[in-house]
Amino acid sequence: MDTNVGTGGPYISRRGLILVSILLGLDILILVPFAIYATFTPRWTSTMDSFTMMRMDAAVAAKVPLLLGQETDKISAIDEISGCVGDLSKESDLNGKLGLGGSPATEFKGEQEV
1 MDTNVGTGGP
11 YISRRGLILV
21 SILLGLDILI
31 LVPFAIYATF
41 TPRWTSTMDS
51 FTMMRMDAAV
61 AAKVPLLLGQ
71 ETDKISAIDE
81 ISGCVGDLSK
91 ESDLNGKLGL
101 GGSPATEFKG
111 EQEV
């Protein structure tokens, strides 16, 4: 029967404990503003479903050939298409319209239309 008399637990020096505590505190102080920003920033991702992606693909389909996987370096239309997904609505529109090439900063105008 072994009573573990001769074994000791792991040892962490006081300096190491203070250093790790300071680093973890800095990490938290840096992450808290990001969490606050992400919490209060309006998001449109709840309206970005598969049907919306299909509609955006259909809007670009006239510029891109059907066999996209072959020689993608030579398709200049891909370079001209904005990769930014944003609000395409006009100032007078009550509802927003999500699409390629819109302004990245979206404003909540009530119910969002896709």
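Per my numbering, the sequence shown runs over residues 1 to 114.
C-beta: ideal position from N, C-alpha, C; glycine also.
For the pair ILE18 and LEU94, the Cα-to-Cα distance works out to about 55 Å. Following the DSSP letters along the chain, one finds VAL64 in no beta strand (DSSP E), marked with neither H nor E. Rounded to whole angstroms, the separation of the alpha carbons of GLY25 and GLY16 is 14 Å. With contacts defined by Cβ atoms closer than 8 Å, LEU88 and LYS74 do not form a contacting pair. Between LEU100 and MET56, the CB-CB gap stays under 8 Å. In the structure shown, the three-state DSSP call for LEU23 is helix.
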